[in-house]
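**Student:**
4 protein chains.
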Amino acid sequence: MAKTREIRVTVWNENIHEKTHAEVQKCYPKGIHGAIAEALAGQSDIQAHTATQDQPEHGLTQKVLDATDVLTWWGHMGHGDVKDEIVDRVQRRVLEGMGIICLHSAHFSKIFRRLMGTACQLKWREAAEREVLWVTRPGHEILQGIDDHFIIPHEEMYGEHFDIPEPDETILISSFTGGEVFRSGCTWRRGAGKVFYFRPGHETFPTYYQSEVKTILLNAVRWAAPVGAMKIDCPHKPEMDWFAKK
Amino acid sequence: MAKTREIRVTVWNENIHEKTHAEVQKCYPKGIHGAIAEALAGQSDIQAHTATQDQPEHGLTQKVLDATDVLTWWGHMGHGDVKDEIVDRVQRRVLEGMGIICLHSAHFSKIFRRLMGTACQLKWREAAEREVLWVTRPGHEILQGIDDHFIIPHEEMYGEHFDIPEPDETILISSFTGGEVFRSGCTWRRGAGKVFYFRPGHETFPTYYQSEVKTILLNAVRWAAPVGAMKIDCPHKPEMDWFAKK
Amino acid sequence: MAKTREIRVTVWNENIHEKTHAEVQKCYPKGIHGAIAEALAGQSDIQAHTATQDQPEHGLTQKVLDATDVLTWWGHMGHGDVKDEIVDRVQRRVLEGMGIICLHSAHFSKIFRRLMGTACQLKWREAAEREVLWVTRPGHEILQGIDDHFIIPHEEMYGEHFDIPEPDETILISSFTGGEVFRSGCTWRRGAGKVFYFRPGHETFPTYYQSEVKTILLNAVRWAAPVGAMKIDCPHKPEMDWFAKK
Amino acid sequence: MAKTREIRVTVWNENIHEKTHAEVQKCYPKGIHGAIAEALAGQSDIQAHTATQDQPEHGLTQKVLDATDVLTWWGHMGHGDVKDEIVDRVQRRVLEGMGIICLHSAHFSKIFRRLMGTACQLKWREAAEREVLWVTRPGHEILQGIDDHFIIPHEEMYGEHFDIPEPDETILISSFTGGEVFRSGCTWRRGAGKVFYFRPGHETFPTYYQSEVKTILLNAVRWAAPVGAMKIDCPHKPEMDWFAKK
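Residue numbers (my numbering), protein chains in the order written: chain A, 2 to 247; chain B, 2 to 247; chain C, 2 to 247; chain D, 2 to 247.
(1) Classify residue 104/C as helix, strand or coil using the three-state DSSP reduction.
(2) Write down every uninterrupted run of the beta strand (DSSP E) in the region 154-240 of chain C whose length is 3 residues or greater and which is fully enclosed by it, in chain order.
(3) In the DSSP assignment, find the alpha helix (DSSP H) that holds residue 1/D and state where it starts and stops.
(4) Look up residue 6/C in the DSSP assignment and say whether it is helix, strand or coil.
(5) To which residues of the same chain is residue 182/B closer than 8 Å at the C-beta, ignoring the five residues directly before and after it?
(6) Show which residues of chain D have a CB atom less than 8 Å away from the CB atom of residue 144/A.
(7) Taking just the CA atoms, how far does residue 46/C sit from residue 41/A?
(8) Keeping to the same chain, check which residues put their C-beta closer than 7 Å to that of residue 2/C; ignore five residues upstream and five downstream.
(9) Cβ atoms of residue 225/A and residue 194/A: under 9 Å apart, would you say?
(10) Do the CB positions of residue 201/C and residue 187/C come within less than 9 Å of each other?
(11) Can you list the alpha helix (DSSP H) stretches of 4 or more residues lying completely in the region 60-134 of chain B, in chain order?
(12) Is the separation between the beta-carbon of residue 38/A and that of residue 77/A shorter than 9 Å?
(13) Establish whether the CB of residue 131/B and some CB of chain A are separated by less than 9 Å.
(14) In chain order, what residues of the same chain have a beta carbon less than 8 Å from the beta carbon of residue 110/D, not counting five sequence neighbours either side?
(15) Considering only the alpha carbon of each residue, which of 26/D, 230/D, 242/D lies closest to residue 164/B?
(16) How long is the line joining the alpha carbons of residue 32/B and residue 24/B, rounded to whole angstroms?
(17) Once the 5 residues before and after residue 115/D are set aside, which same chain residues still bring their CB inside 7 Å of it?
(18) Taking only the alpha-carbon atoms, compute the straight-line gap between residue 138/C and residue 122/D and give it to the nearest angstrom.
(19) For the region 101-117 of chain C, which residues have a CB atom closer than 8 Å to at least one CB atom of chain A, in sequence order?
(20) For the region 12-30 of chain D against the region 52-64 of chain D, are there 3 or more C-beta pairs whose distance is under 8 Å?
(21) Do residue 9/D and residue 71/D have their C-beta atoms within less than 9 Å of each other?
(22) From residue 146/B to residue 213/B, what distance separates their C-alpha atoms?
(23) Which first and last residues belong to the alpha helix (DSSP H) in which residue 245/B is found?
(24) Chain A beta carbons: is any one of them nearer than 9 Å to that of residue 138/D?
(25) Excluding sequence positions up to five away, which residues of its chain have a Cβ less than 6 Å from the Cβ of residue 51/B?
(26) Any idea what DSSP makes of residue 48/B, helix, strand or coil?
(27) Within its chain, find whatever has a CB closer than 8 Å to the CB of residue 98/D; leave out the 5 residues flanking it on each side and keep chain order.
(28) Which of the residues in the region 207-223 of chain B, read from start to end, lie with their CB under 9 Å from any CB of chain A?
(29) Just list the residues that DSSP pairs residue 152/D with in beta bridges.
(30) Are there 16 or more other CB atoms within 10 angstroms of the CB of residue 6/B, so buried, or fewer, so exposed?
(31) Is it right to say residue 239/A is buried, meaning 16 or more other beta carbons lie within 10 angstroms of its own, or is it exposed?
(32) Going by C-alpha to C-alpha distance, which of 59/C, 49/C, 158/C sits closest to residue 203/C?
(33) Less than 9 Å between CB atoms is the rule here; does residue 163/B satisfy it with respect to chain A?
(34) Say yes only if the C-beta of residue 16/B is nearer than 8 Å to one or more non-hydrogen atoms of the ligand NAD, and no if none qualify.
(35) Counting only beta-carbon separations shorter than 9 Å, does residue 2/D have a partner in chain A?
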């Protein structure tokens, strides 16, 4: 099998709410990144570390990215402050093969919008609603261990229209107490990299401690781990009889 | 412009509930086919006629199909009695270019399952629930004149997982009172033919009289009308230097 | 029918080769934009005008874009000089519903890469090769009047891997004398806008005078014309019982 | 990781050419199935056995299929003699989660056409042409160890239009000496099962002994191995307040 090396995961978080909102601090005392890293801990095939926006180069130096197989991204208040050159760097690594998992409000992150090419807008409401996530692709790698649906007791509502390109695969669709629906689990490929958008994870709810959510994060990391690469290049091929030499 | 000729629509219905259930008779005194044909009437670019399962060859002779640009299909109780040779004939016409619009319980029709290759199963409940249909592809031809959502006051529930191939386009997703969700508007191409699945239309509710539903039926007929054809053929091409003769 | 108004097309060209290369001047004395505009002329349902990179705001003021249904884009040497704020503006109009047709070397334009989210790289060779374009989606609106293939006698080679997201539809695939292949006709939706990439059109060959190419340009303009719109917005929906009021 | 058990592969072949054509006998003395089984042999994570059309129930009893994770299919002359009830059984197992790899002339097998819903027709010519297979999705699991292209010195030509639904992923496109092109590597999901069509493998050429072809077969088996299942069912869900009980 190909994936013999450990999957190296960088769990990225803007880490702003945690420093400014007491409610979030209480819910995520180690930060949202801390909770996600814990969800990935204790697995023999995964090695996770964290990075945050306030670090030099947002914790995403070329060296860090070169040693990252899968990047998870949580951001919200700080989207506008993420430097464009870092976004360029992350996009390039995704095209080269790094997997990326964009979480919740990362729908509006620079990197997600860059990879989609669309506005990535949606409807929203903070009202602690019941979210039911329905499986629309049973047997998918990311849904191992998930039944036909699961429920998050309290979450922020996100509603369609979610402005994304037609997903390669729509694997989860949510409904909310208010009657709205949302494509909550979507996959795409960009270059040699795999992209997964996963909706849940509002900062004031203990979503990332819920077992189904942790299962999906683990599955998604394994699904997104690269098995090959793409070289960023636009090669001139002068020889028209190249095959004659084979 | 290409579509100068009238679009010839055959509105097909199994027409069984209407003859056996008083409730359905009352709701659709002219049959579900009658209601759909009326929704398409009075348009200068559309010419609709009806056909039913109890007619010879189910009303779908080769002559009728050859003169059909778009076929709409409503069936439920009689799926198993539709003759396989008629299904073959309809499939062939779709591949050649005829559009087909499969409605509600037609998810389990032989022709829809034939075109999909999947089980087409779903969850269901008859409880007169509120269905909210959310637009997931604004600007789509089939959604002209539809706002960001519309509501059908009472409908049968259909819930995911709906076992279909990944749609080319998912344009509508429903939620129901009970919290289930469903991909209610989906498009595919099969050969030169366009396929639209549209969920609403339980026989005991006046769904096909609702203005948004009629608008979508009209739009879908225009969207599905063929502008080209495919020949059913597997040609032997003996010449390897055919381009040299051009 | 919806498209009763004329389709307003803006034919955009960087117009650099035409001013600096005698060979191109000779092939396209009125500019590539002039040739494309002529291919679209004389149609009762189309009204085309041209715009070039050297005009103020590259000829793409907000007023011009607001009055554009479909934009065609040809660029090559000047990609890097297109201002980012104009690219932002064009992208926004596409998401709102404007169609866009990206031609040949526009694979590397800022606007195409923005809409794709990928590197859009490919292999290339200038050797006046025979290009055979094979139809892979018979019956498609953009291929009306095109047989199962057509040949361009001399073209620049573009070869896979072409780094694009999986197209919504791959409608044409080319082979070249040298044995390379290329997805030459691809469609996507972004927001409410339709995107068509069409490979042919190297500046030193009379490609845009060839009848099949002109037919495809005409068909593509009609296919890409918007029938609806998307509002750029991320609305807060405070009411959870909105449907109760309906 | 999920795939700890061996992947159980059934290599199916109609095994007719091998018994009737001396040329094929010479090329594949152990049958095409024998060559494919050998390509999969010696892997600690794969356990392959063969089955042929002339066996009782074509070697595909319910017991065999229940113990099959991935089925590979080669057929040509005998397509019409495959019993419909066996095709039903195989289709059902694919929807439940079994992977299937359809090879070369299996484009016209009952099972492939059943899963696609289309005519699956193409152009063809037996002229021992050079086939170049170009990678169109670098980094894909099925293409591990494959460079940007590879060449099969002599193969039968298959040309577009190949009548298939738009693939979920097009990962290989071929060109032939004669100038035709073909989507040679395509993936789809049907139910919980993964489908891979792989073009090469004409019975008179030693294609299945070529290293790149064997690599792709191995990769495809690993990619297609199920990690979950779908139940064939259409459940009635009587309770509208089911979530209230959670």
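Beta carbons are placed, not taken as given, at the ideal position from N, Cα and C, and that holds for glycine.
Owing to the predicted nature of the structure, the values given are computational and were not obtained by experimental measurement.
**Tutor:** By the coordinates alone:
(1) In the third sequence, residue 104/C corresponds to position 103, counting from 1. Of the three classes helix, strand and coil, the one that applies to residue 104/C here is strand, per DSSP.
(2) 170-177, 182-191, 194-199
(3) A question about residue 1/D goes unanswered here, because the residues of chain D that appear run from 2 up to 247.
(4) Residue numbering aside, residue 6/C sits at position 5 when the third sequence is read from its first letter. Looking at residue 6/C - three-state DSSP - the assignment turns out to be coil, as it is neither helix nor strand.
(5) What you label residue 182/B is simply residue 181 of the second sequence in a count that begins at 1. Excluding sequence neighbours, residue 182/B sits near 160, 161, 174, 175, 176.
(6) Here residue 144/A corresponds to residue number 143 of the first sequence, with the count starting at 1. Within 8 Å Cβ-Cβ: 229.
(7) Walking along the first sequence from the start, residue 41/A turns up at place 40. Walking along the third sequence from the start, residue 46/C turns up at place 45. Going from the Cα of residue 41/A to the Cα of residue 46/C covers about 58 Å.
(8) Residue mapping note: residue 2/C aligns to position 1 of the third sequence, counting from 1. Its pLDDT being 42, under 50, residue 2/C is placed unreliably in this model, and the coordinates cannot settle the point.
(9) Counted from its first residue, the first sequence places residue 194/A at position 193. Counted from its first residue, the first sequence places residue 225/A at position 224. Contact flag set, yes.
(10) Here residue 201/C refers to the residue found at position 200 of the third sequence. Here residue 187/C refers to the residue found at position 186 of the third sequence. Taking 9 Å as the Cβ cut-off, residue 201/C and residue 187/C do not qualify as a contacting pair.
(11) 63-67, 85-97, 111-117
(12) Here residue 38/A refers to the residue found at position 37 of the first sequence. Here residue 77/A refers to the residue found at position 76 of the first sequence. No, Cβ-Cβ distance for residue 38/A and residue 77/A is not below 9 Å.
(13) As a first step, residue 131/B must be located in the second sequence, where it is residue number 130. Chain A contact via Cβ: present.
(14) Position 109 of the fourth sequence, counting from 1, holds the residue named residue 110/D. Hits under 8 Å: 74, 76, 80, 83, 103.
(15) For the purposes of this step, residue 164/B is taken as the residue at position 163 of the second sequence. Comparing Cα-Cα distances from residue 164/B to each of 26/D, 230/D, 242/D, the minimum goes to 230/D.
(16) Reading the second sequence from its first residue, position 31 is the one you call residue 32/B. Reading the second sequence from its first residue, position 23 is the one you call residue 24/B. Distance between the alpha carbons of residue 32/B and residue 24/B: 12 Å.
(17) Mapped onto the fourth sequence, residue 115/D falls at position 114. Once the five neighbours on either side are set aside, the close Cβ partners of residue 115/D are 88, 92.
(18) To locate residue 138/C, count along the third sequence from 1; it is residue 137. To locate residue 122/D, count along the fourth sequence from 1; it is residue 121. So the alpha carbons of these two residues sit roughly 13 Å apart.
(19) 109, 115, 116, 117
(20) yes
(21) Position 8 of the fourth sequence, counting from 1, holds the residue named residue 9/D. Position 70 of the fourth sequence, counting from 1, holds the residue named residue 71/D. Yes, the Cβ-Cβ distance between residue 9/D and residue 71/D is below 9 Å.
(22) As a first step, residue 146/B is located in the second sequence; it is residue number 145 there, counting from the start. As a first step, residue 213/B is located in the second sequence; it is residue number 212 there, counting from the start. Approximately 8 Å, taken between the alpha carbons.
(23) Sequence index remark: in the second sequence, residue 245/B carries index 244 (1-based). No alpha helix (DSSP H) holds residue 245/B; DSSP gives it neither H nor E.
(24) Along the fourth sequence, one-based indexing puts residue 138/D at 137. It does: the Cβ of residue 138/D has a partner Cβ on chain A nearer than 9 Å.
(25) Here residue 51/B refers to the residue found at position 50 of the second sequence. Contacts found: 12, 34, 38.
(26) Mapped onto the second sequence, residue 48/B falls at position 47. Reduced to three states, the DSSP call for residue 48/B is strand.
(27) Within the fourth sequence, the letter at position 97 stands for residue 98/D. Around residue 98/D: 192, 193, 194, 227, 229, 230, 231.
(28) none
(29) Within the fourth sequence, numbered from 1, the residue matching residue 152/D stands at position 151. In DSSP, residue 152/D forms a bridge with 133/D.
(30) The sequence position of residue 6/B within the second sequence is 5, counting from 1. Burial call: exposed.
(31) Position 238 of the first sequence holds residue 239/A. That one is exposed.
(32) As a working note, residue 203/C is residue 202 in the third sequence. Among 59/C, 49/C, 158/C, the Cα nearest to that of residue 203/C belongs to 158/C.
(33) For the purposes of this step, residue 163/B is taken as the residue at position 162 of the second sequence. So yes, residue 163/B belongs to the interface.
(34) As presented, the structure is devoid of all ligands, the ligand NAD included, so that no description of it is given.
(35) Position 1 of the fourth sequence, counting from 1, holds the residue named residue 2/D. Since pLDDT at residue 2/D reaches only 42, below the 50 mark, its modelled position is unreliable, and no value is offered.
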